[in-house]
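Heads up: the structure comes next, in structure tokens.
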Amino acid sequence: MVELENTKDLAEEAEKNNKKREAAEAERERQRNYAKKLLDQSKREEPLPVPDEIKNHQKKVPEKIQQQLDKWHSNSNWLRRFHILLGLIVIVSSVTVAARLVDVNSNFMSWVAWLAAVSSTLLTSMMIETKSNHYRQAWRLLYTAVLRFENEDGFTYKELNDAYEQGEKTIGDVEVKLR
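Heads up: the sequence shown begins at 45 in this note's numbering, then just goes up one per residue.
Structure below.
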């Protein structure tokens, strides 16, 4: 009877070992198939698929930083356009007055002369071109920092915030030049 139990235990043990061996063989076969699939893909000269966890590895830029980046870009463009518009108004109105294209005594000529004077004053005293350049420089600084933040593992939130602070300093305050 004892011998029968030992035989039964040995049979169970052998069956467990067979199942483990089969599972290990199945895993090796799965790994061989996966390796073969990767090898076949590389022979087709197509890039290997990039897993989603690697694709979505980029760090998220804080919303406030992104908003400032957009605002600085917009402000730079708006100021540049306003500067060009004022310059064109100064040129056209000054040439109109100097060439006396309209009767000097007319009400219209007075308004054109006034427009030339106001536009010229705004153009020179508000330093719009300089402010536009400062916004553009700040945008470039922060945009570069955002790109580095998104793509360099070692670039930190602190460095991104430092770039924002430096951009604010670059923009500076509104200056009016009165001479």
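Beta carbons: idealized from backbone N, C-alpha and C, even for Gly. Just so it is clear, the structure is predicted and the values come from calculations on it, not from any experiment.
**Three-state secondary structure assigned by DSSP to residue 146** = coil
**Request:** Check whether the Cβ atoms of residue 120 and residue 169 lie closer than 8 Å to each other.
**Result:** no
**Item:** Straight-line gap, residue 203 to residue 79 (C-alpha atoms, nearest Å)
**Value:** Between residue 203 and residue 79, the C-alpha separation is close to 42 Å.
**Asked** Which two residues bound the contiguous alpha helix (DSSP H) that contains residue 213?
**Response** 201 to 215
**Request:** May I have the straight-line CA-CA distance separating residue 106 from residue 181, to the nearest angstrom?
**Result:** 20 Å
**Request:** Output the boundary residues of the alpha helix (DSSP H) element that contains residue 153.
**Result:** 151 to 169
**Prompt:** Sorted by chain position, which residues of the same chain lie with C-beta nearer than 8 Å to residue 156's C-beta, five sequence neighbours on each side aside?
**Reply:** Closer than 8 Å at Cβ, skipping near neighbours: 137, 140, 141 and 146.
**Request:** Helix, strand or coil for residue 53, going by three-state DSSP, please let me know.
**Result:** Helix at residue 53.
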